[in-house]
Structure formats: C-alpha cells, structure tokens
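A short worksheet on the structure shown next.
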Amino acid sequence: HPYAAVGAALAAFDSALHGAASVAAERLLRDAMEGDAAGAISRALAASNGIPGFGHAVYRRRDPRADMLFGRMARLPAYRAPMRAAERLAAVVSSRLDRPANVDLALAVLAVGAGFPPGGAQALFALARSAGWIAHAADEYRQAPLRLRAESRYIGPA
Numbered sequence: 010h011p012y013a014a015v016g017a018a019l020a021a022f023d024s025a026l027h028g029a030a031s032v033a034a035e036r037l038l039r040d041a042m043e044g045d046a047a048g049a050i051s052r053a054l055a056a057s058n059g060i061p062g063f064g065h066a067v068y069r070r071r072d073p074r075a076d077m078l079f080g081r082m083a084r085l086p087a088y089r090a091p092m093r094a095a096e097r098l099a100a101v102v103s104s105r106l107d108r109p110a111n112v113d114l115a116l117a118v119l120a121v122g123a124g125f126p127p128g129g130a131q132a133l134f135a136l137a138r139s140a141g142w143i144a145h146a147a148d149e150y151r152q153a154p155l156r157l158r159a160e161s162r163y164i165g166p167a
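To convert, note that position 86 of the sequence shown is 95 in our numbering; the numbers rise steadily by one, no gaps.
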C-alpha cells in the first residue's frame with residue numbers, strides 16, 4: 010500500500026547517514042552562527058564521526074542540489090546570516106579536506122533562514138523525498154512480482 014511504502018521509507022530515513030544527516034548539519038550551522046566555524050567543526054567532530062553537511066558518496070566534487078539551493082538563497086535577505094556561517098564552515102573544511110558542502114548543509118541554511126524550529130531541515134528533506142517514494146511505489150505496482158528475488162546454490166560442505 011502507498012502508505013506502507015512511505016512509512017517504511019520514513020523509518021529508514023531517520024538514519025544518521027541519510028535523512029538525519031541534515032539534523033547534524035543544522036546543529037553545526039547554528040553553532041557556527043553563534044561563534045567561530047573552526048570551533049563548531051571541532052565540537053561536531055568530538056560528538057560524531059564526521060563533519061555534517063560536507064562530502065557525499067555520489068557527489069564527490071560538488072553537490073548540484075546544494076549548488077542550486079545556495080544559489081537561490083544567496084539573493085534573499087533572510088538567508089544572509091546562515092549563508093555567511095555556511096561559507097565560513099566551507100572555508101575551514103576546504104582548507105583541510107576535499108569535501109564540498111552537500112545538500113544537508115544547504116537544507117540547514119534553508120531551515121534556519123526560514124525560521125524553522127530545530128529539525129526543520131530533516132522534515133523538509135523528507136517531504137521532498139516523499140514524492141519520489143510515491144512514484145517509486147507506483148512504478149513497482151507495474152512490475153512483475155518477485156523479479157528481484159535472488160537465486161542461490163549451496164556450495165559448502167555436504
């Protein structure tokens with residue numbers, strides 16, 4: 010059922026390496042807005058195993074989703090302070106690592122600039138992804154059942 014498909018997707022979405030990554034990026038951004046970027050990054054590293062909002066397994070050189078969002082927000086006054094903080098964070102990260110800002114940092118800027126409560130970036134990302142999840146579920150209805158079922162052959166001891 011479509012509700013079950015979206016429910017399952019949302020359950021998997023609340024992972025530190027997926028949808029919840031924007032929560033950590035938002036926390037980092039808010040911290041950088043209150044103080045220095047290097048200190049915010051140090052605190053994020055001490056609390057986790059990475060720098061949220063930077064690097065991506067697929068978009069290794071640049072995240073086009075982040076580029077589009079940053080480009081749109083750069084022109085709007087509400088986003089000036091969070092954009093400046095994101096730029097300071099990016100300057101610190103780029104001086105040490107080859108990890109560009111990703112969509113999680115862009116969503117954090119969007120949420121903070123729009124005045125969303127903490128966690129707003131994750132909610133926005135989940136809402137945006139929902140359309141794709143529903144489209145995927147609708148496409149699955151047209152596919153042959155069990156088409157992806159793996160076949161196996163036991164090769165161990167008799």
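By construction, the Cβ of each residue, glycine as well, lies at the ideal position given by its N, Cα and C atoms.
Going by alpha carbons, who is nearest to residue i out of the options?
i      : options                       : result
Arg39  : His10, Ala132, Pro154, Leu116 : Leu116
Arg105 : Phe63, Gly165, Ala167         : Phe63
Ala123 : Arg138, Val15, Pro73, Glu35   : Glu35
Leu98  : Gly48, Leu133, Pro86          : Gly48
For residue i, count neighbouring C-beta atoms within 10 Å of its own C-beta (all shown protein chains included) and say buried if the count is 16 or more, exposed if not.
i      : result
Met77  : exposed
Tyr88  : buried
Ile60  : buried
Gly141 : exposed
In angstroms, rounded to a whole number, what distance separates the CA positions of residue i and residue j?
i      : j      : result
Ala33  : Arg69  : 20 Å
Ala135 : Ala56  : 24 Å
Ala146 : Glu43  : 42 Å
Ile143 : Arg162 : 35 Å
Tyr41  : Val67  : Reading off the sequence, residue 41 comes out as Ala, not Tyr. Approximately 26 Å between the Cα atoms of the pair.
Arg74  : Pro154 : 34 Å
Gly80  : Asn58  : 29 Å
Asn111 : Leu133 : 15 Å
Is the beta carbon of residue i sitting closer than 8 Å to the one on residue j?
i      : j      : result
Gln131 : Ser31  : yes
Met82  : Leu37  : no
Pro109 : Arg158 : no
Ile50  : Val101 : yes
Ala137 : Leu114 : no
Ala21  : His27  : yes
Ser139 : Val15  : yes
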